[in-house]
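So for the sequence shown, my numbering puts the first residue at 53; every next one is plus one. Positions of the beta carbon are idealized from the N, C-alpha and C atoms, including for glycine. Below you'll find the structure, written out as structure tokens, and then a few comments.
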Amino acid sequence: MNPFLLVICVCMVLSVPVQGALLAYKTWVYSPVDGVVCDKGLGKCYNAAGFSPELTAQFFDVERVELERLAPQANASATVYLSNQVTCHFSAQYCESEIVGKGEYYQAVLFSSSHL
């Protein structure tokens, strides 16, 4: 086999996990506690009422929250597009995604009556 092609193939194989890890970090959406979803890509946390400055301050940068308080607030009728391609509609208390089960998971985390 041509050594040049071998080097190219090795570089391509090694670059995939690194790119995947960087993408996963940028788009990581997680639930730190029941009833809360935080999005690292957006740098915001949400509860059943929508964007939560208090939870964002707890799980992210406090200075960023101060800037968010000056901006128009996301209200209960807002629709949020999370970094992981899940869309949550806070007025209807509904989350959806093209990936089966993903929207339902975040809907249960945010809008389950046990957290309210």
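Work out the CA separation of Lys-92 and Thr-108 for me, nearest whole Å.
Using only the alpha carbons, I get a separation of about 10 angstroms.
Please list the terminal residues of the continuous alpha helix (DSSP H) segment that includes Val-161.
Element bounds for Val-161: 154-163.
By Cβ distance below 6 angstroms, which residues in the same chain neighbour Thr-131 in space, the five residues on each side in sequence not counted?
Only His-141 meet the Cβ criterion.
According to DSSP, is Glu-171 helix, strand or coil?
Residue 171 cannot be examined here, being either before or after the span of the chain that is shown, 53 to 168.
Taking the alpha helix (DSSP H) that Pro-105 falls in, what are its first and last residues?
Residues 105-111.
Classify Ala-101 as buried or exposed, calling it buried when 16 or more other Cβ atoms lie within 10 Å of its own Cβ.
Classification of Ala-101: exposed, given that the 10 Å Cβ count is below 16.
Please return the same chain residues whose Cβ sits closer than 8 angstroms to the Cβ of Glu-150, not counting the five positions on each side in sequence.
Taken in chain order, the residues that qualify are Gln-137.
Got a sec, what are the start and stop residues for the beta strand (DSSP E) Asp-91 sits in?
89-91 is the extent of the beta strand (DSSP E) around Asp-91.
Got a sec, what are the start and stop residues for the beta strand (DSSP E) Val-132 sits in?
131-133 is the extent of the beta strand (DSSP E) around Val-132.
Can you tell which of Ala-144, Val-85, Ser-164 has its C-alpha closest to the C-alpha of Phe-111?
The shortest Cα separation from Phe-111 among Ala-144, Val-85, Ser-164 belongs to Val-85.
Provide the residue span of the beta strand (DSSP E) that contains Asn-99, from first to last.
Residues 96-99.
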